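Trainee: Let me give you the structure first, and then I'll get to my questions.
Protein chains in written order, with our numbering: chain A, 62 to 345; chain B, 13 to 611; chain C, 4 to 261.
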């Protein structure tokens, strides 16, 4: 019997009646394949948004491009499954073959002759129709940083640069300084909880980043963060296009030490560790 | 035997071709030197009509590389197949090795021709760069030509001496020739690799002001990325050779007239697929090392590669690798239909397929989703709260390790399908094997999840543990299996040749995908130099200095693959004209033990 | 039929891959713009090139970013405004353009009171580059009067007489140092500026060979504690000294004991 039966068996007794009903209906590879495809669609579109709340994170829909990507994988998988066994393959093809040639399936054939071109026409129509929504954005969130930047008129080599405050003065002090700078300057967009949900966040596209996310500052060196703060949206390279972020270039408002202390605050507050430079000459 | 002598004449003509080409190039290169000395300065760039210089040199280099990879990969398993033939006294393997070598012979001239096209392309289109490189690498270029000469003659001896040195000690001498052939081939590759890796990672003391004559030869030769590229290419060549041989077998299978032929080429296709997939399993580790060296050489180059304008390339790469794994496994599962006893494993294939598909989905999940404005607002940013987690390296490493384990399981089940172990500890052995799978899967999963909670410098080390767990499990399971299946009873012979046609198309897709993937990775490797001929030393000042986007690159790559496959088809067809392989019906009836040796 | 099917599978696979690669974001890696000048260069282009040079390869900010070593050009100085505002009034009878250009061509000519002469090797830069710097400085609060013809004339002059040859003819170590503006950054017996490592006691701190390579190739090894100034010492001193002058300097510095 198909994959589905096993799935239902795994789900346990309460589902057994349903499972037996479905088993009776899903008795050919073709029907099973269709069912699995529908099931995976539901899983992707409805199932995945249920996962984040389990970890206490706000739910979100899956972008259409990703749904499409997953569905293509599912279709390829289903085709592989029905065809990896000679018997299943011929059983799978049987209904398709029947619809195409058998006289008693004339109705179905006729319906398909209407539905398929109709569907294609509909697709063509919707894709050609003018649309008011902005095009999907392709921007790279963490573009490659330059080797060096000019910070307030001075050359600053980013490659291998460490946060100078980590080796000078007390960390608590820097943290406190950074904290007050953050709340004076950054909070309005990046939010009280550093989750990128500040007062103005809703208005921006791209939205302000969440520093709590394991994929933002936790993946980056402090020098990268410094570069992004100092140069802001205007300093993004072309990969950051098509529309650059609204983040100001903070070098016009903050000193280097102030930026470094904000960086200390960001890491201390979120509990992330910055990515470190690899020691030169280290062998692995 | 007049027929043979006629063939020999024809072959010698063809045999001397590559050598003649290489000698001619050498002479021309030497002739150019005095011209430059007389105060004549060559121009920096030439022009190529219609497609432009960059595309022209790109196609020439890529096609040279395709053929070179093939003629380096095939001798490796020709030699292994010959050795298996000697040890097992199974004539099939010796015939297989000889047939591989015949493919080699014809591809060899194609390699030389494309090499000549590449060199002439460089001389006419990029004379400035060529002059610079040849000034630094002159001695290695002379050695290269010399080794190429020896390699050619070793190959002729190896192929034409096959039937003469067939027995006893002479056979071992012949096998030694095969080893020698591989050594020459590897040496040639190492030398050529040094030229191109120098362009990527010139030693730190070389600056734009350094005259090429002042560059220390050895430090330029053994530069930072040289060794990683050598290893990566060595393994990739085996995969590539296997994939092309598989496609060749598939083609011959589909056009076979007799059952004997079908059986032979079915078996050959299986061997090709086996070699390709088993070498593919270790390839990511070599690639990982290469990536690491690139990062260590220049942080910015590393970020350009992974996060910069090439970041989308890795999504495409993930897709291609998923196709490779799926096609390879699919071929095995379909192949189980011709093995008596395989029915008992059939119900499991769908679960293995599920693991592969989930792995593919994780791998293809982009970190930055392509989303429209409404979706971005709903997600609260460009990262999806759950799927974004799957976008980072931890998840992808975990996924690929699961895919490797699954593929290995497919091979194991395939190998065991028609056997019945007779040893008393069969149950215990199988339990231990199962436990090994479970443990390595658990280790992979543990480090995959734990990776999210540690700094990235620690996380990078985790992928090594994951890899080690998988490799250790593979080795231990194979060792147990070999002992367990000693003297195993057969559940029936494999019905070679009774293979549905669609399985053969899986082999074609495998070959096309691998070739294309090679082109894509070649683009990545040379594209990260961006607007430099020699990274941060010699700037590309030609009209084509900008590095093209992936779409354009994919068109060039597809064109290269198409040209390559057409030429290969032609070459194989010509090879088929020259000699009809003799297939004895008795050798084809595979016994269970013989196929076990093949694994 | 088989052939057609095989061909179909191959071309189909290739088509799918090509389509996917074309469907995803297309990012080209553009070449950073090279500064190039011709007679029809616009003032805006000159200013942009000058800005790049000023904060980048020209190394100007090494001194002009520090308030103590050189006057800041981009901000107000002594109530006279930014450089674009004050350049016209610095020397009577010289307009802004001439003043800026002259002060770069002859760094010791117009030294502001309280400062050391500018360590600026006009020969490091091409004539066109110097004009772009002038344009950039004029743009700081003033009107850009540098034109394409200035640039073209300078470029012709450069082509006619390539830079090279020693700055001074003397073989006296102090003359050489003053002539090549070494003391613009290094201290010797109370003369000079404390920007780079002092010449006093240099012979007892580092080996003779390192002094020599330090002059010829300053970027090779940076003295400890001076990393932030890497790249500010002119790399072309080797072209500015005769062999004898170099040896005189090396001997002299090696002899500076503690």
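All C-beta atoms in this analysis are idealised placements derived from N, C-alpha and C, irrespective of residue type, glycine included.
Since this is a predicted model, take the numbers as computed values, not measurements.
Are residue 79 of chain B and residue 527 of chain B close, meaning C-beta to C-beta below 8 Å?
Mentor: Here the question's residue 79 of chain B lines up with position 67 in the second chain. Here the question's residue 527 of chain B lines up with position 515 in the second chain. It is not a contact, given that the beta carbons lie outside the stated cut-off.
Trainee: Could you tell me if residue 151 of chain A is buried or exposed, where buried requires 16 or more neighbouring beta carbons within 10 angstroms of its beta carbon?
Mentor: Looking up residue 151 of chain A in the first chain gives position 90. So residue 151 of chain A counts as exposed.
Trainee: Reducing DSSP to helix, strand and coil, say where residue 506 of chain B ends up.
Mentor: Position 494 of the second chain holds residue 506 of chain B. Correct three-state label for residue 506 of chain B: coil.
Trainee: Are residue 56 of chain C and residue 129 of chain C close, meaning C-beta to C-beta below 8 Å?
Mentor: Numbered from its first residue, the third chain carries residue 56 of chain C at position 53. Numbered from its first residue, the third chain carries residue 129 of chain C at position 126. Cβ atoms of residue 56 of chain C and residue 129 of chain C: not closer than 8 Å.
Trainee: Grouping DSSP H, G and I as helix and E and B as strand, with all else coil, what is residue 528 of chain B?
Mentor: Position 516 of the second chain, counted from the first residue, corresponds to residue 528 of chain B. Here residue 528 of chain B sits in helix by DSSP.
Trainee: Touching or not, the stretch 547-557 of chain B and the stretch 502-519 of chain B, by the rule of three or more beta carbon pairs under 8 Å?
Mentor: no
Trainee: In terms of DSSP beta bridges, what is residue 216 of chain A paired with?
Mentor: Numbered from its first residue, the first chain carries residue 216 of chain A at position 155. Bridge partners of residue 216 of chain A: A:211.
Trainee: In chain order, what residues of the same chain lie with their CB nearer than 6 Å to the CB of residue 231 of chain B, ignoring the 5 residues before and after it?
Mentor: The count along the second chain starts at 1 and reaches residue 231 of chain B at position 219. So the qualifying residues of the chain are 215.
Trainee: Going by the CB atoms, is the gap between residue 248 of chain C and residue 204 of chain C shorter than 8 Å?
Mentor: In the third chain, counting from the first residue as 1, residue 204 of chain C sits at position 201. In the third chain, counting from the first residue as 1, residue 248 of chain C sits at position 245. Result no, Cβ atoms of residue 204 of chain C and residue 248 of chain C do not sit closer than 8 Å.
Trainee: Which one of B:323, B:429, B:535 and B:462 has the shortest CA to CA distance from residue 353 of chain B?
Mentor: Your numbering for residue 353 of chain B matches position 341 in the second chain. Per the Cα distances, B:429.
Trainee: Report all residues from its chain with a CB closer than 7 Å to the CB of residue 583 of chain B; omit the five preceding and five following residues, and keep chain order.
Mentor: If you number the second chain from 1, residue 583 of chain B lands on position 571. These residues qualify, in order along the chain: 118, 119 and 122.
Trainee: If you measure beta-carbon to beta-carbon, which residues of the stretch 247-272 of chain A are closer than 9 Å to chain B?
Mentor: 256, 257, 258, 262, 263, 266, 267, 268, 269, 270 and 271
Trainee: Determine the burial state of residue 345 of chain A: buried for a count of at least 16 other Cβ atoms within 10 Å of its Cβ, exposed for fewer.
Mentor: By one-based count along the first chain, residue 345 of chain A stands at place 284. Caution applies to residue 345 of chain A, whose pLDDT of 31 falls short of 50 and renders its modelled position unreliable; the value that the coordinates give is listed next. By the neighbour-count rule (16 or more Cβ atoms within 10 Å), residue 345 of chain A is not buried but exposed.
Trainee: Where residue 533 of chain B and residue 81 of chain C are concerned, what is the direct C-alpha to C-alpha distance, given to the nearest angstrom?
Mentor: As a position in the second chain, residue 533 of chain B is number 521, starting the count at 1. As a position in the third chain, residue 81 of chain C is number 78, starting the count at 1. Taking the straight line joining both Cα atoms gives about 60 Å.
Trainee: List, in chain order, every chain B residue whose beta-carbon is nearer than 7 Å to that of residue 33 of chain C.
Mentor: Counting from one through the third chain, the residue named residue 33 of chain C turns up at place 30. In chain order: 558.
Trainee: Rounded to the nearest angstrom, what separates residue 113 of chain C and residue 187 of chain C at their Cα positions?
Mentor: Within the third chain, numbered from 1, the residue matching residue 113 of chain C stands at position 110. Within the third chain, numbered from 1, the residue matching residue 187 of chain C stands at position 184. The straight-line gap from Cα to Cα measures roughly 14 Å.
Trainee: Starting from residue 543 of chain B, find everything on chain C with Cβ-Cβ shorter than 9 Å and list it in chain order.
Mentor: Position 531 of the second chain, counting from 1, holds the residue named residue 543 of chain B. Here the neighbours are 32, 33, 34 and 35.
Trainee: Can you give the Cα-Cα distance for residue 44 of chain C and residue 51 of chain C, rounded to whole angstroms?
Mentor: On the third chain, position 41 is the one that residue 44 of chain C refers to. On the third chain, position 48 is the one that residue 51 of chain C refers to. Distance between the alpha carbons of residue 44 of chain C and residue 51 of chain C is about 11 Å.
Trainee: Could you check whether residue 145 of chain C and residue 90 of chain C sit closer than 8 Å to each other, using their CB atoms as the reference points?
Mentor: Taking the third chain and counting its residues from 1, one reaches residue 90 of chain C at position 87. Taking the third chain and counting its residues from 1, one reaches residue 145 of chain C at position 142. Yes, the pair counts as a contact, with Cβ atoms nearer than the cut-off.
Trainee: Using three-state DSSP, classify residue 559 of chain B as helix, strand or coil.
Mentor: The count along the second chain starts at 1 and reaches residue 559 of chain B at position 547. It is a strand residue.
Trainee: For residue 174 of chain C, count the other beta carbons within 10 Å of its own beta carbon; 16 or more makes it buried, fewer makes it exposed. Which is it?
Mentor: Residue mapping note: residue 174 of chain C aligns to position 171 of the third chain, counting from 1. Exposed, since its Cβ has fewer than 16 Cβ neighbours within 10 Å.
Trainee: As a quick exercise: from B:418, B:153, B:154 and B:189, pick the residue whose alpha carbon is nearest that of residue 634 of chain B.
Mentor: Nothing can be reported for residue 634 of chain B: it is not among the residues displayed for chain B, which extend from 13 to 611.
Trainee: Compute the Euclidean distance between the alpha carbons of residue 247 of chain A and residue 333 of chain A, then round it to the nearest angstrom.
Mentor: Within the first chain, residue 247 of chain A is the residue found at index 186, counting from 1. Within the first chain, residue 333 of chain A is the residue found at index 272, counting from 1. Within the model, the alpha-carbon separation for residue 247 of chain A versus residue 333 of chain A is close to 18 Å.
Trainee: Residue 544 of chain B lies in the beta strand (DSSP E); which residues open and close that run?
Mentor: Stepping through the second chain from its first residue, residue 544 of chain B is reached at position 532. 544-546 is the extent of the beta strand (DSSP E) around residue 544 of chain B.
Trainee: Between A:180, A:157 and A:107, which has its C-alpha nearest residue 170 of chain A's C-alpha?
Mentor: Within the first chain, residue 170 of chain A is the residue found at index 109, counting from 1. With distances taken between Cα atoms, residue 170 of chain A lies closest to A:157.
Trainee: Since residue 110 of chain B is in the alpha helix (DSSP H), which residue starts that stretch and which ends it?
Mentor: Residue mapping note: residue 110 of chain B aligns to position 98 of the second chain, counting from 1. Looking at the DSSP string, the run of the alpha helix (DSSP H) that includes residue 110 of chain B is 103-137.
Trainee: So, is the C-beta of residue 361 of chain B closer than 8 Å to a C-beta in chain C?
Mentor: Mapped onto the second chain, residue 361 of chain B falls at position 349. Cβ-Cβ to chain C under 8 Å: no for residue 361 of chain B.
Trainee: Could you compute how far the alpha carbon of residue 114 of chain A sits from the alpha carbon of residue 236 of chain A?
Mentor: Numbered from its first residue, the first chain carries residue 114 of chain A at position 53. Numbered from its first residue, the first chain carries residue 236 of chain A at position 175. Going by the C-alpha atoms only, they are around 31 Å apart.
Trainee: Rounding to the nearest angstrom, what Cα-Cα distance links residue 499 of chain B and residue 446 of chain B in this structure?
Mentor: In the second chain, the residue the question calls residue 499 of chain B occupies position 487. In the second chain, the residue the question calls residue 446 of chain B occupies position 434. Rounded to whole angstroms, the gap between the alpha carbons of residue 499 of chain B and residue 446 of chain B is 22 Å.
Trainee: Taking the continuous alpha helix (DSSP H) assigned at residue 87 of chain B, which residues delimit it?
Mentor: Position 75 of the second chain, counting from 1, holds the residue named residue 87 of chain B. Run containing residue 87 of chain B: 64-100, per the alpha helix (DSSP H) assignment.
Trainee: Note down, in chain order, every chain C residue with its Cβ under 8 Å from the Cβ of residue 561 of chain B.
Mentor: Numbered from its first residue, the second chain carries residue 561 of chain B at position 549. The answer, in chain order, is 29, 30 and 31.
Trainee: By the three-class DSSP mapping on this structure, what secondary structure does residue 295 of chain B have?
Mentor: As a position in the second chain, residue 295 of chain B is number 283, starting the count at 1. If DSSP states are grouped into helix, strand and coil, residue 295 of chain B belongs with the helices.
Trainee: Would you decide whether residue 170 of chain B is buried or exposed? Buried here means 16 or more other CB atoms lie within 10 Å of its CB.
Mentor: As a first step, residue 170 of chain B must be located in the second chain, where it is residue number 158. Residue 170 of chain B comes out buried.
Trainee: For residue 16 of chain B, which residues of its own chain have a beta-carbon under 7 Å away from its beta-carbon, when the five flanking residues on both sides are left out?
Mentor: Locating residue 16 of chain B in the second chain gives position 4, counting from the first residue. For residue 16 of chain B, the pLDDT reaches just 41, beneath the cut-off of 50, and the residue's location in the model is therefore unreliable, leaving the point undetermined.
Trainee: Closer than 8 Å by beta-carbon distance: list the chain A residues that pair up with residue 400 of chain B, in chain order.
Mentor: On the second chain, position 388 is the one that residue 400 of chain B refers to. Chain A residues near residue 400 of chain B: 274 and 276.
Trainee: Sort B:284, B:404 and B:504 by Cα distance to residue 93 of chain B and report the nearest one.
Mentor: If you number the second chain from 1, residue 93 of chain B lands on position 81. Answer by Cα proximity: B:284.
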